[in-house]
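**Student:** Numbering of the sequence shown is given in numbering that gives the first Met the number 0, commencing with residue 0 and proceeding in unit increments. C-beta atoms are modelled at their ideal positions from N, C-alpha and C, and glycine is treated no differently. What you are looking at is a predicted structure, and each value in this text was computed from that prediction instead of being measured. Have a look at this one.
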Amino acid sequence: MLDFSFEMLDEHTINVEYVFGSEKFIFNLFYSNDNWTIHPFDGILLKNRDLCRSVMSDLFQNKSFQIMLAKENIILSSIRSSVNLNPYEEEEPMPEPERLRGERYGGDRGGGRAERSELDDFINSHTLDEILELERSFIEERTTLFKSVLQKMFMDGLGPGDSEFNQIQELVKAYKRAGEDIAKIR
Numbered sequence: 000m001l002d003f004s005f006e007m008l009d010e011h012t013i014n015v016e017y018v019f020g021s022e023k024f025i026f027n028l029f030y031s032n033d034n035w036t037i038h039p040f041d042g043i044l045l046k047n048r049d050l051c052r053s054v055m056s057d058l059f060q061n062k063s064f065q066i067m068l069a070k071e072n073i074i075l076s077s078i079r080s081s082v083n084l085n086p087y088e089e090e091e092p093m094p095e096p097e098r099l100r101g102e103r104y105g106g107d108r109g110g111g112r113a114e115r116s117e118l119d120d121f122i123n124s125h126t127l128d129e130i131l132e133l134e135r136s137f138i139e140e141r142t143t144l145f146k147s148v149l150q151k152m153f154m155d156g157l158g159p160g161d162s163e164f165n166q167i168q169e170l171v172k173a174y175k176r177a178g179e180d181i182a183k184i185r
């Protein structure tokens, strides 16, 4: 088994598979907001920052990965991580758009001061353009995720005749439409 493989989903999205130890990890490398960002898809990496740091450090030193980046004109030092890898910083959770929407539209009817304060802080520290960009980025990540699911299903022999494949395909289309609608708001 190869320790590194990748698949170009489109000109702005690359799925990366990397074997660390005996475990295969999946990453999504995507171009957004004039930056390349790498995002781990495995829950174990998202929950364990030390392991994530080790795996990504090893990946960044992998010669095949470096050659792929060079061929795609991606500068290694310019890649950002969607996970805070600094061991000395407290992890600041990024506001979750779906949770905030729920609070804004009555998801939390308790009206607790802590929730309102968190929402007020979010509103006061972000412009409308930044909030729209957060939503657009969230939708882009979900679209990429479900495109990867479709691709995996297809590689496993499922296709347009399968009802689950069709449902995921419709979900991708819905996210694309939502992204286009948000882009029109600007």
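1. Taking HIS38 and ASN27 to be in contact with their CB atoms under 8 Å, please state how far apart those CB atoms are, rounded to whole angstroms.
2. Could you spell out where the alpha helix (DSSP H) holding ASP49 opens and where it closes?
3. Just curious, the alpha helix (DSSP H) that SER4 is in, first and last residue?
4. Out of curiosity, what's the CA-to-CA distance linking PHE19 and GLN65?
5. Do SER147 and ASN14 have their CB atoms nearer than 8 Å?
6. State buried or exposed for LEU58, treating a residue as buried only when at least 16 other CB atoms are found within 10 Å of its CB.
7. Could you check the C-alpha separation between ASN34 and LYS23 for me, to the nearest Å?
8. With a threshold of 16 other CB atoms inside 10 Å of the CB of PHE29, please say whether the residue is buried or exposed.
9. What are the complete alpha helix (DSSP H) segments, minimum 4 residues, inside the region 63 to 88?
10. Beta-carbon within less than 7 Å of MET7's beta-carbon, same chain only, minus the 5 sequence neighbours each way: which residues are those?
11. Based on the DSSP secondary-structure assignment, which residues constitute the bridge partners of ILE37?
12. Tell me whether THR12 sits in a helix, a strand or coil according to DSSP, three-state version.
13. DSSP beta-bridge partners for TYR17?
14. Taking ASP9 as the reference, give the member of THR142, LEU157 and LYS183 with the closest Cα.
15. Alpha carbon to alpha carbon, what distance is there between ILE43 and ARG100?
16. Within a Cβ cutoff of 7 Å, which residues of the same chain sit near SER4, ignoring the five residues on either side of it in sequence?
**Tutor:** For this structure:
1. 5 Å
2. 48 to 60
3. Counting along the chain, SER4 falls outside any alpha helix (DSSP H), though it belongs to the beta strand (DSSP E) covering 3 to 9.
4. 16 Å
5. yes
6. buried
7. 26 Å
8. buried
9. Whole alpha helix (DSSP H) segments, 4+ residues: zero.
10. Scanning its chain for C-beta atoms nearer than 7 Å, with the 5 sequence neighbours on each side dropped, one finds around MET7 the residues ILE13, in chain order.
11. LEU28 and SER80
12. strand
13. PHE3 and PHE24, per the DSSP bridge assignment.
14. THR142
15. Confidence at ARG100 is low in this model, with a pLDDT of 44, below 50, so its placement is unreliable and no value can be given for it.
16. GLU16
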